[in-house]
Amino acid sequence: MIMKCLFPVAGYGTRFLPATKAQPKEMLPILTKPLIQYGVEEALAAGMNNIAFVTGRGKRAIEDHFDITYELEDQISGTSKEGQLDSIRELIDRCTFSYTRQNHMRGLGDAILTGETLIGDQTFGVILADDLCVGEPDGVMAQMVRVYKQYRCSVVAVEEVPHEAVGSYGIVSGAQIDAQHMRIEGMVEKPSPQDAPTNLAVIGRYILTPDIFEILRNTPPGKNGEVQITDALQTQAKNGKVIAYRFSGQRFDCGSVAGFVAATNYFFNR
Ligand code: G1P
5 MIMKCLFPVA GYGTRFLPAT KAQPKEMLPI LTKPLIQYGV EEALAAGMNN IAFVTGRGKR
65 AIEDHFDITY ELEDQISGTS KEGQLDSIRE LIDRCTFSYT RQNHMRGLGD AILTGETLIG
125 DQTFGVILAD DLCVGEPDGV MAQMVRVYKQ YRCSVVAVEE VPHEAVGSYG IVSGAQIDAQ
185 HMRIEGMVEK PSPQDAPTNL AVIGRYILTP DIFEILRNTP PGKNGEVQIT DALQTQAKNG
245 KVIAYRFSGQ RFDCGSVAGF VAATNYFFNR
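Quick note: the sequence shown, position 84, residue 88 per our numbering, numbers continuous.
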């Protein structure tokens, strides 16, 4: 029912320099799989097989990853190494991939608006591949699709973060529906701890209804001079149209070195 998933991947990944000087941060591997592949697998597990990337300069390795590599595949064909390509081959077989470029870094909201040409007039998922999620038992995006089916409006995944960390996230407040669901009334991008209404943080998983594009077009730059998806969602939230969902599972902030190491250890030990 929700067929498309958008991956904003234009960011520079400065926290991982020099590793990200000449390669996209989304291609950094947790064990043998790049971060972006975990994200696409999660989208597909949620039924979204139409994968849309908002890329930027220096991101071509992502396109190559989701394509056949003839010479390599020919070389290892029939050897014991062939099986190592099974996971990516399955994605290539089952998904379509489309790309558009964000020319200027004007924020996550602007990146999502840039993706309108690939999404069109339909509800879609958004995955920020830096946030690596392990859902229990289903993937986090699959859980969110169920929430969407129930409420028919935008959905954001949230988790509690330490109070001193609220300045790194979009923070939500609202009316609790049950232990896992809240109807959002207020959203604020990266507040200082003293201004934060709660410590419930949006993580990099969204289901957005397509009216978000028109709202984004009319959303002025906010925090850090960038167009924020948080501000656009606040416009929907004023009409009661955003649900915060406390997902079942774990999330690793692979945009930070500490989170990246934690994810690596988790996958190595499991
Ligand atoms: C973005 C969003 C923020 C959200 C976060 C989740 O921030 O702007 O609201 O909480 O992703 O990872 P970024 O991490 O890109 O600065």
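Glycine included, each C-beta is placed from N, C-alpha and C at the ideal position.
From a predicted model like this one, the values you see are computed outputs, not experimental measurements.
Closer than 8 Å: residue i CB and nearest the ligand G1P heavy atom
i    : result
A205 : yes
K194 : yes
Q238 : no
S177 : no
T234 : yes
D182 : no
D199 : no
G129 : no
G62  : no
D257 : yes
S172 : yes
G43  : no
G208 : yes
L132 : yes
G263 : no
L39  : no
L122 : no
G119 : no
L212 : no
G15  : yes
Spatial neighbours of residue i in its chain, beta-carbon cut-off 6 Å, leaving aside the 5 residues before and after
i    : result
A200 : V170 and I175
A248 : V160, V162, V176, M186 and I188
N53  : R98 and C99
L95  : V44
F101 : I55 and F70
K227 : E193 and K194
G263 : F256 and D257
CA nearest to the CA of residue i, picked from the options
i    : options                  : result
G43  : E163, F271 and E30       : E30
G15  : S84, A115, E45 and M52   : A115
F217 : I55, L21, I247 and G119  : G119
E45  : R221, I211 and C9        : C9
V261 : P12, T24, F11 and V13    : T24
Q41  : F70, Y155, L204 and D182 : F70
P38  : P225, D134 and V159      : D134
K245 : I207, I80 and V151       : V151
E193 : R187, H185, F57 and V206 : V206
R61  : F20, R93, L35 and M109   : M109
N269 : L204, A26, T36 and L21   : T36
V265 : D125, Y155 and I34       : I34
F57  : A49, L21, T121 and K85   : T121
G178 : L32, P28 and N243        : N243
S158 : Y74, E164 and G129       : G129
L204 : L212, A183 and I219      : A183
Cβ shell of residue i (< 8 Å), same chain only, five flanking positions each side left out
i    : result
T223 : G113, V231, Q232, D235, A236 and T239
P197 : H167, E168, V170 and G171
G51  : M5, I6, M7, A146 and V149
T202 : I175, V176 and S177
Bridge partners - residue i, DSSP secondary structure assignment
i    : result
H185 : Y249
T127 : Note: T127 sits in no beta bridge, so no partner.
L204 : E164
T59  : R105
C9   : I55 and G129
G174 : E193
Other residues of its chain near residue i: CB distance less than 7 Å, five sequence neighbours each side excluded
i    : result
T18  : none
G208 : I131, L132, D134 and D135
T59  : V13, A14, I66, Y103 and R105
V286 : No answer is possible for residue 286: the residues shown for the chain start at 5 and end at 274.
beta-carbon residue i near the ligand MG non-hydrogen atom, thresh 8 Å
i    : result
D135 : In terms of ligand content, the structure shown lacks the ligand MG and carries the ligand G1P instead.
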